[in-house]
Structure formats: C-alpha cells, structure tokens
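Presented below is the structure to which this report refers.
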Ligand code: 1HN
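In the numbering used here, the protein residues as written are 617 to 939.
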C-alpha cells in the first residue's frame with residue numbers, strides 16, 4: 617500500500633535547501649528592510665589610551681617589517697576592517713628616518729594628520745609634506761609611500777573604503793620593487809593635499825555658531841573620491857549642530873576642543889585627539905561642552921551612497937521614516 621504524503625512548506629523548504637535553493641519570502645524584510653539598518657554602533661576611541669600603543673608599537677616593530685604600522689579602530693559590533701559598516705579608520709605611526717614602503721591598491725585612502733612635523737606622503741611621484749590638520753589623499757591605484765624627515769613621530773588618522781572592498785572581488789595591492797617610488801617635492805598647491813591652513817579660514821568665515829564645510833577636489837570641485845567624502849566643522853563654545861540623520865556613515869576626529877555627540881540613544885564624549893564612529897541613520901547632534909572652539913574633521917561614505925542613489929538626509933523627526 618502506498619502512503620501519500622501531504623505536501624507542506626516545511627517539506628518543500630527541506631527539499632529545496634538540499635538543492636541550494638531557499639525561499640525568499642520569509643526573509644524578505646531582513647534582506648530588504650523598510651528602513652536603513654546599520655550594523656555598527658556609535659563608539660569613541662580615546663587618544664590618550666591609543667597613543668601609548670602607537671609609541672610601544674614603534675619601539676617593538678620597524679616599518680621594514682610592519683610595512684604600515686597601524687592600529688585599526690574596530691567597531692565593537694563588527695570585525696576588522698570595519699570602523700563603520702562601510703568605512704575603515706586607523707592610527708598610523710612613522711618615526712623619524714623611517715619609510716613606509718611604496719605600494720598601490722584599489723581601495724581609496726586619506727590621511728588626516730594628528731601630530732608630528734616634516735612627515736611626507738609621496739603619491740604617484742608627487743611628494744607632499746604633512747602638517748597637523750592637513751588632509752592628504754591617496755587615490756585608488758596610485759603609488760604611495762610615507763616618510764618622516766622630522767625629529768618626532770608622525771601620527772595620523774587613515775581613512776579607507778576598505779569594508780566595501782571586502783565584498784568586491786577586486787581588492788588588491790601591488791608592491792613596488794624599491795622602498796620609495798621616485799618622487800619630487802611639490803612646491804605648488806596639490807590636488808592631493810588640503811592644508812588645515814586653507815580649511816580653518818573657510819570655517820571661520822561661515823556665518824553661524826555650528827557650521828560644516830565640505831572638502832572639494834582642487835582640480836574640479838568634485839568630492840575627494842568616488843566612495844569617500846570629507847568635511848570639517850566649527851562649533852563655537854556652548855553651540856550645537858541641528859539634529860540630522862543620513863544614510864551615510866561617518867568617522868569623526870576631534871581636531872580641537874571637547875564636547876559630546878548624541879547618536880540616537882547613545883552619548884559619546886570626546887576631546888582633542890579622539891576619533892569616533894557614527895553609524896548610518898541615527899539622529900546626530902554634536903555639542904561643544906568645553907571652554908574653547910571645537911573643530912572636527914569627518915570622513916564619510918556620502919559619495920558612495922550618492923552613486924547608489926541612496927543618499928538621504930533629514931532632521932530625524934520620524935522614528936524610522938525614509939523617503
Ligand atoms: C595602506 O596602504 C595604508 O598606505 C594605510 O598608509 C592603511 C589599511 C589597509 C590596506 C592598506 C597606507 C591601510 C593600507
């Protein structure tokens with residue numbers, strides 16, 4: 617006697633999974649949620665704790681072994697190389713006389729200089745000196761090496777679109793045969809260097825007690841890369857930014873001053889030298905709670921979101937609203 621088995625969804629799913637097929641409909645709102653969902657959490661990296669790690673690493677390992685002597689700033693909710701869902705940040709140290717050897721890679725990189733004198737980055741044959749507060753760009757697939765011709769360590773914040781490249785099968789690096797790629801010191805303004813001495817006057821000239829100024833490429837006025845953009849803020853004593861929410865995530869660095877940033881339900885406290893992560897789609901307010909002016913540097917994935925037609929921003933008044 618043959619037993620006719622009743623078909624069921626459970627049976628169907630079990631048989632489908634063996635054939636490496638799975639039903640979409642139970643997962644539809646997970647794979648394509650009704651509002652943006654970030655995996656990263658808001659977090660501050662305290663420079664007074666991390667700087668000694670940079671010094672110790674510099675005593676323990678040279679750049680000939682380390683190639684890039686960097687502490688990655690890893691989001692507590694994610695794994696390396698994630699600082700936010702799409703952005704990577706790290707603290708790089710290079711001692712007087714050292715060279716971080718020449719290479720090139722598909723990810724885009726920027727540097728925001730925290731401390732040191734007479735450090736340089738050479739990009740595609742163009743050597744630019746790096747001073748505190750300068751933004752230096754290393755575009756995709758351009759040869760670059762770093763050095764320090766000064767007497768004190770150089771420490772800077774690296775920003776890369778590295779998390780994105782973890783899912784793109786075109787993440788690769790090429791090493792140059794020599795430690796340095798041939799370069800000449802650039803004496804004129806570079807399309808790859810944006811000095812603080814240019815940014816601060818722009819911020820100070822803007823009307824308002826809490827203002828943001830975007831970095832634009834000197835050559836064509838465009839964003840600094842196809843994926844990552846950057847800006848700086850001035851926040852006067854006692855002032856705060858208007859509540860804002862956006863689909864872009866950002867990494868902030870406190871260049872000067874101290875304050876707090878409300879990110880959804882979480883309050884981040886920061887002071888000069890600290891770096892903090894702000895995930896996408898949380899309502900954000902930055903406030904100067906100290907005695908001096910605040911200047912913040914930020915990099916973000918606005919250009920990437922824009923290229924994907926997914927850049928949205930509002931004041932965060934609707935709990936999960938998205939339009
Ligand atoms: C890199 O090339 C640099 O050139 C810094 O200074 C950080 C992180 C991951 C991959 C490449 C640099 C990096 C990096």
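Cβ coordinates follow ideal geometry from the N, Cα and C atoms, glycine included. Predicted, not measured: the structure shown is a model, and the values here were computed from it.
DSSP places residue 788 in the coil class of the three-state scheme, outside both helix and strand. When the five nearest sequence neighbours on each side are left out, the beta carbons in the same chain lying within less than 6 angstroms of the beta carbon of residue 839 are those of 845 and 919, in order along the chain.
DSSP lists no bridge partner for residue 698. In the three-state DSSP reduction, residue 924 falls in the coil class, being neither helix nor strand. For residue 914, no alpha helix (DSSP H) encloses it; the enclosing beta strand (DSSP E) starts and ends at 910 to 916.
Bridge pairing for residue 763: 715 and 736 [DSSP]. For the pair residue 690 and residue 730, the CB atoms are not nearer than the 8 angstroms cut-off. Per the CB criterion, closer than 5 angstroms to any heavy atom of the ligand 1HN, the qualifying residues run in chain order as 684 and 774. Annotation for residue 743: no alpha helix (DSSP H) segment contains it, though the beta strand (DSSP E) segment containing it runs 742 to 746. Counting other Cβ atoms within 10 Å of its Cβ, residue 629 stays below 16 and is therefore classed as exposed. Per DSSP, residue 891 is not a residue of any alpha helix (DSSP H); the beta strand (DSSP E) it occupies stretches across 891 to 894. Unbroken beta strand (DSSP E) stretches of 3 residues or longer found wholly inside the stretch 861 to 902: 866 to 872, 874 to 879, 882 to 887 and 891 to 894, given in chain order.
The stretch 688 to 703 makes no contact with the stretch 716 to 732: fewer than 3 CB pairs, one atom from each, lie closer than 8 angstroms. Close CB contacts of residue 764 within its chain, under the 8 angstroms cut and outside five residues either way in sequence, are with 710, 711, 712, 713, 714, 732, 734, 735, 736 and 770 (chain order).
Ranked by Cα distance from residue 818, the first of 640, 622 and 847 is 847. No residue range can be given for residue 835, since it is assigned to no alpha helix (DSSP H) and is classified by DSSP as neither H nor E. Annotated three-state conformation of residue 657 is coil, per DSSP. With distances taken between CA atoms, residue 761 lies nearest to 797 out of 793, 750, 786 and 797. Contact between residue 787 and residue 853 is ruled out by a C-beta separation of about 44 angstroms, above the 8 angstroms threshold. Its Cα nearest to that of residue 718, the residue 683 stands out among 683, 748 and 925. In this structure, the beta-carbon distance from residue 776 to residue 728 does not fall below 8 angstroms.
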